[in-house]
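Q: Residue numbers (the numbering used here), protein chains in the order written: chain A, 343 to 620; chain B, 343 to 620.
This is the structure I want to talk about, given as C-alpha cells.
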C-alpha cells in the first residue's frame with residue numbers, strides 16, 4: 343500500500359492510498375482520513391459511494407473530515423468498481439453498469455466475474471488491509487454510503503452480522519431487485535436467476551431473516567430518483583415487519599447530490615460514534 | 343439573470359446563476375448561496391477564486407455553506423475569467439494566464455482588453471446586479487479569496503475604501519509585481535509599464551497610501567507556492583509600516599488546496615460576520 347497523496351485537513355490527514363487488489367485483479371486507490379486525535383486501535387467509518395463516483399467524491403465534497411477529526415474517527419473511502427485498461431466496461435459506456443458501478447457484489451457472469459468482486463474486495467481485502475496497515479480497530483467499524491453505496495452499506499451490514507457496529511445510508515437503493523438500476527446490475531453481474539439476487543437486496547435480506555439492531559437513513563424528498571429507484575417505503579415496511587429500529591428521515595427540499603450529503607453527514611458521524619463507544 | 347441550478351444545502355439554497363456580462367462581452371455563471379435564515383437586505387461575502395478555478399470549486403469543496411447558513415450570510419462566487427469561444431486564451435494554454443486566470447484586473451493590452459475586465463465586472467456589474475436581483479445589502483459586503491483570488495480580495499478592498507466592510511484571504515499572492523505569476527499576468531494584461539502594475543499589488547497599494555483597518559490571512563506552511571509566488575512576509579512588512587492590523591496565521595502542515603480552505607473557512611466567516619454587524 344502506497345500513500346500517493348496526503349493533504350492536511352482540519353486536525354488530520356486526508357490521504358489517497360494505492361494498492362494492488364488480488365480480488366479485483368486491478369490497481370486500486372482509496373481515500374483514508376486519519377485524524378490526529380485518536381488512540382491506537384481507533385474506530386473507523388467505511389463509506390461506500392454511489393454510481394459514477396470514485397474514491398474522490400466523498401473526500402472532496404462531503405466535508406465529513408471536520409467532525410471525523412473532532413471524534414477521532416478514521417474514514418475509509420473505496421472506489422466503486424475495479425479500474426484499469428484490462429477491466430471490461432459496459433459496451434455502451436452506461437453510467438449505471440461496469441466502471442463506476444460495481445454494486446458491491448461478486449459477479450458470477452463472464453466477462454464481469456474476473457474483476458467485478460467489490461463485495462469481497464471491501465470485506466475481505468480492503469478492510470483487513472487498511473486496518474492492519476494503519477492500526478484501526480476491526481471490532482469498531484461503522485458503515486454508511488450513498489445511493490448504490492447506501493445499498494452496499496445496508497446489504498453488507500445485514501449479511502455480515504456483527505461485522506459492523508452500526509449502519510446508516512443516504513438515499514440508498516433499498517430494493518435493487520425491484521428497480522431498474524438494481525435489475526440491470528444484478529442480472530448483468532449475477533445472471534437471470536433471481537434467487538441469487540436476494541442476498542444483495544436489503545429488503546429481501548430482511549424478509550429472509552437478516553437482522554441489524556437499527557438503521558439510520560436520510561432521504562431527500564426532492565431526489566429525482568426517489569420513486570423509481572430508491573423506494574425507501576419498501577425498507578420502512580420490511581423493517582417494521584422485522585422489528586428493526588429504522589430511523590428514516592425524509593428531508594424536505596433536498597436532492598440526490600453531495601450538497602444533501604454534506605448537510606447531514608455530521609448527524610450520521612455522531613450517531614455512529616455513539617454506537618462505536620466513542 | 344437566470345438561475346440554472348438550485349440545490350438545497352444546510353438551511354439554504356446553493357444556486358448557479360447565468361447572465362450576460364456587458365463588461366466581459368461574455369456569458370457568465372456565478373455561484374450564489376442564499377440562506378433561509380436572513381433578513382431583507384442581508385449581508386454577503388464575495389469570494390474570489392484562484393487560478394484554474396470556476397465558480398464551482400468553492401461551492402463544492404469549501405463547505406462554507408454550513409456556517410453561512412447559521413449566520414444568515416449570502417455567498418457570491420464569481421468565475422475567474424471571461425468564458426466562451428470568442429474569448430482569447432493563452433496561446434500555449436497555460437494555466438496561469440487567460441482562461442481561468444483573469445487576475446481581477448481590467449486588461450489594457452490587445453487582444454485581452456476586449457474581454458478581460460474582471461475588476462470592473464466584479465465591482466461594477468456583478469455585485470450591483472446580484473444585490474439588486476436578490477435583495478442584498480450593498481453596505482454590508484465582506485470580501486475574501488484564495489491565491490489569485492486572495493490577491494483580488496486584498497487589492498479590490500484596498501483600492502475601494504469603504505466598499506467592503508472587511509477583507510480576508512487564504513494564501514494570497516501578496517505582491518504580484520514581485521512574483522512570476524503576477525509578473526506574467528500584469529505584463530500580459532497591462533503591458534510593460536510597471537507603474538501601471540502598482541494599483542494591482544496589495545503591498546504596492548499599501549506603500550502608496552491605500553488603507554484598510556484590518557486584514558485576516560491564513561497561510562499554510564506546506565504550501566508549495568509559498569516562497570516563490572505568495573510572499574506573505576512582504577504583506578506583513580507593508581502592514582507593519584502602514585499600521586494596518588494584519589492577523590497572519592501561519593498554519594503548520596497545510597498546503598494550497600481546498601482541504602486547507604475548508605479547514606479554516608469557518609473562522610473567516612465568523613470574523614467577517616462580526617464586522618458586518620451580524
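Ideal placement from N, C-alpha and C gives every residue a C-beta, glycine not left out.
This one's a predicted model, so the numbers in the text were calculated from it and none came from an experiment.
#1: Is residue 548 of chain A near the ligand ADP, going by C-beta to nearest heavy atom under 7 Å?
#2: Taking just the CA atoms, how far does residue 418 of chain B sit from residue 514 of chain B?
#3: Output the boundary residues of the beta strand (DSSP E) element that contains residue 351 of chain B.
#4: Out of curiosity, what's the CA-to-CA distance linking residue 354 of chain A and residue 409 of chain A?
#5: Quick one: residues in its chain with C-beta nearer than 8 Å to the C-beta of residue 446 of chain B, no 5 flanking neighbours on either side, listed in chain order?
#6: Taking contact to mean 3 or more Cβ pairs, one atom from each stretch, closer than 8 Å, check whether the segment 423-438 of chain B and the segment 366-373 of chain B are in contact.
#7: Would you mind stating whether residue 619 of chain A and residue 482 of chain A have Cβ atoms separated by less than 8 Å?
#8: Classify residue 615 of chain B as buried or exposed, calling it buried when 16 or more other Cβ atoms lie within 10 Å of its own Cβ.
#9: Considering Cα atoms alone, identify which of A:555, A:610, A:383 and A:594 is closest to residue 587 of chain A.
#10: Do the CB positions of residue 517 of chain A and residue 544 of chain A come within less than 8 Å of each other?
#11: Taking only runs that begin and end inside the segment 477-560 of chain B, name each unbroken beta strand (DSSP E) of 3 or more residues, in chain order.
#12: Using CA atoms only, rank isn't needed, just tell me which of A:344, A:343 and A:348 is closest to residue 596 of chain B.
#13: For residue 464 of chain B, which beta-bridge partners are listed by DSSP?
#14: Any beta carbon of chain A sitting closer than 8 Å to that of residue 372 of chain B?
#15: Locate the beta strand (DSSP E) running through residue 375 of chain B, then write down its first and last residues.
#16: Less than 8 Å separating the beta-carbons of residue 359 of chain B and residue 376 of chain B?
#17: For a contact defined as C-beta to C-beta under 7 Å, what are the partners of residue 351 of chain B on chain A?
#18: When the Cα atoms are used, what is the spatial distance from residue 468 of chain B to residue 415 of chain B?
#19: What would DSSP say about residue 456 of chain A, mapped onto helix, strand or coil?
#20: Verify the CB distance criterion: does residue 595 of chain B have a CB-CB separation below 8 Å to chain A?
#21: Can you tell me whether residue 601 of chain B is buried or exposed, with buried defined as 16 or more other CB within 10 angstroms of its CB?
#22: Look up residue 471 of chain B in the DSSP assignment and say whether it is helix, strand or coil.
#23: Out of B:403, B:472, B:363 and B:438, state which residue places its alpha-carbon closest to the alpha-carbon of residue 351 of chain B.
#24: For chain B, find out if any of its Cβ atoms is closer than 8 Å to the Cβ of residue 564 of chain A; answer yes or no.
#25: For the alpha helix (DSSP H) that contains residue 301 of chain B, what are its first and last residues?
#26: Where does residue 504 of chain A land, buried or exposed, given buried means 16+ other C-beta within 10 angstroms?
#27: Return the chain-ordered list of same chain residues with a C-beta closer than 8 Å to the C-beta of residue 578 of chain B, the five sequence neighbours on each side being excluded.
#28: Does the separation of the CB atoms of residue 530 of chain B and residue 613 of chain B fall below 8 Å?
#29: Which residues of the segment 385-417 of chain A have a Cβ closer than 7 Å to any Cβ of chain B? Give them in chain order.
#30: Would you list the residues sitting across from residue 418 of chain B in a DSSP beta bridge?
#31: Provide the residue span of the alpha helix (DSSP H) that contains residue 402 of chain B, from first to last.
#32: Have a look at the DSSP bridge pairing and note the partners of residue 592 of chain A.
#33: Along chain B, in chain order, which residues have C-beta atoms closer than 8 Å to that of residue 356 of chain A?
#34: Between the alpha carbons of residue 567 of chain A and residue 598 of chain A, how many angstroms are there, rounded?
#35: When DSSP builds the beta bridges, which residues end up paired with residue 361 of chain B?
A: By the coordinates alone:
#1: The ligand ADP is not among the ligands present in this structure, which contains no ligands whatsoever.
#2: Counting from one through the second chain, the residue named residue 514 of chain B turns up at place 172. Counting from one through the second chain, the residue named residue 418 of chain B turns up at place 76. Taking the straight line from one Cα to the other gives about 19 Å.
#3: For this step, residue 351 of chain B is matched to residue 9 along the second chain. Per DSSP, residue 351 of chain B lies in no beta strand (DSSP E) segment and is marked neither H nor E.
#4: Residue numbering aside, residue 354 of chain A sits at position 12 when the first chain is read from its first letter. Residue numbering aside, residue 409 of chain A sits at position 67 when the first chain is read from its first letter. For residue 354 of chain A and residue 409 of chain A, the distance between alpha carbons rounds to 11 Å.
#5: Here residue 446 of chain B is taken as the residue at index 104 of the second chain, counted from 1. Cβ neighbours of residue 446 of chain B beyond the five flanking positions: 390, 460, 461, 464, 490, 491, 493, 494, 497, 498 and 542.
#6: By the C-beta criterion, the segment 423-438 of chain B is judged to be in contact with the segment 366-373 of chain B, since at least 3 inter-stretch pairs fall below 8 Å.
#7: Here residue 619 of chain A refers to the residue found at position 277 of the first chain. Here residue 482 of chain A refers to the residue found at position 140 of the first chain. Yes.
#8: In the second chain, the residue the question calls residue 615 of chain B occupies position 273. Buried, since its Cβ has 16 or more Cβ neighbours within 10 Å.
#9: On the first chain, position 245 is the one that residue 587 of chain A refers to. Across the set A:555, A:610, A:383 and A:594, the C-alpha of A:555 shows the shortest separation from the C-alpha of residue 587 of chain A.
#10: The residue you call residue 517 of chain A lines up with position 175 of the first chain. The residue you call residue 544 of chain A lines up with position 202 of the first chain. For residue 517 of chain A and residue 544 of chain A, yes; Cβs fall inside 8 Å.
#11: If we require 3 residues or more, the beta strand (DSSP E) runs fully inside the segment 477-560 of chain B come out as 478-487 and 508-512.
#12: As a working mapping, residue 596 of chain B is identified with position 254 in the second chain. Ranking the options by Cα distance to residue 596 of chain B, first place goes to A:348.
#13: Along the second chain, read from residue 1 onward, the residue named residue 464 of chain B stands at position 122. None, per the DSSP bridge assignment.
#14: Taking the first residue of the second chain as position 1, residue 372 of chain B is located at position 30. Not an interface residue.
#15: Counted from its first residue, the second chain places residue 375 of chain B at position 33. That run of the beta strand (DSSP E) goes 368-377.
#16: Residue numbering aside, residue 359 of chain B sits at position 17 when the second chain is read from its first letter. Residue numbering aside, residue 376 of chain B sits at position 34 when the second chain is read from its first letter. It is not a contact, given that the beta carbons lie outside the stated cut-off.
#17: Working through the second chain from its first residue, we reach residue 351 of chain B at position 9. Among the residues of chain A, those whose CB is under 7 Å from the CB of residue 351 of chain B are 601, 604 and 605, following chain order.
#18: By 1-based counting over the second chain, the position of residue 468 of chain B is 126. By 1-based counting over the second chain, the position of residue 415 of chain B is 73. Spanning the alpha carbons of residue 468 of chain B and residue 415 of chain B requires a straight line of approximately 17 Å.
#19: Numbered from its first residue, the first chain carries residue 456 of chain A at position 114. Under the three-state reduction of DSSP, residue 456 of chain A is assigned to helix.
#20: As a first step, residue 595 of chain B is located in the second chain; it is residue number 253 there, counting from the start. Residue contact with chain A for residue 595 of chain B: present (Cβ-Cβ distance below 8 Å to some residue of chain A).
#21: By 1-based counting over the second chain, the position of residue 601 of chain B is 259. Buried, since its Cβ has 16 or more Cβ neighbours within 10 Å.
#22: Along the second chain, read from residue 1 onward, the residue named residue 471 of chain B stands at position 129. In this structure, residue 471 of chain B counts as helix in the three-state DSSP scheme.
#23: Here residue 351 of chain B refers to the residue found at position 9 of the second chain. Of all alpha-carbon atoms in B:403, B:472, B:363 and B:438, the one lying nearest the alpha-carbon of residue 351 of chain B is that of B:403.
#24: Taking the first chain and counting its residues from 1, the one referred to as residue 564 of chain A is at position 222. With 8 Å as the cut-off, residue 564 of chain A counts as an interface residue toward chain B.
#25: As shown, chain B starts at 343 and ends at 620. That puts residue 301 of chain B outside it, with no answer to give.
#26: Position 162 of the first chain holds residue 504 of chain A. That one is exposed.
#27: In the second chain, the residue the question calls residue 578 of chain B occupies position 236. Within the same chain, residue 578 of chain B has close Cβ partners 588 and 590.
#28: To locate residue 530 of chain B, count along the second chain from 1; it is residue 188. To locate residue 613 of chain B, count along the second chain from 1; it is residue 271. Result no, Cβ atoms of residue 530 of chain B and residue 613 of chain B do not sit closer than 8 Å.
#29: Cβ contacts with chain B: 402, 403 and 405.
#30: Taking the first residue of the second chain as position 1, residue 418 of chain B is located at position 76. Partner(s): B:374 and B:388.
#31: The residue labelled residue 402 of chain B in the question sits at position 60 within the second chain. Segment 398-403, the alpha helix (DSSP H) holding residue 402 of chain B.
#32: Taking the first chain and counting its residues from 1, one reaches residue 592 of chain A at position 250. The partner list for residue 592 of chain A (beta bridge, DSSP) reads A:561.
#33: Counting from one through the first chain, the residue named residue 356 of chain A turns up at place 14. Within chain B, the residues 601 have their CB atoms less than 8 Å from the CB of residue 356 of chain A, given in chain order.
#34: Looking up residue 567 of chain A in the first chain gives position 225. Looking up residue 598 of chain A in the first chain gives position 256. Computed Cα separation, rounded: 8 Å.
#35: Within the second chain, numbered from 1, the residue matching residue 361 of chain B stands at position 19. The partner list for residue 361 of chain B (beta bridge, DSSP) reads B:370.
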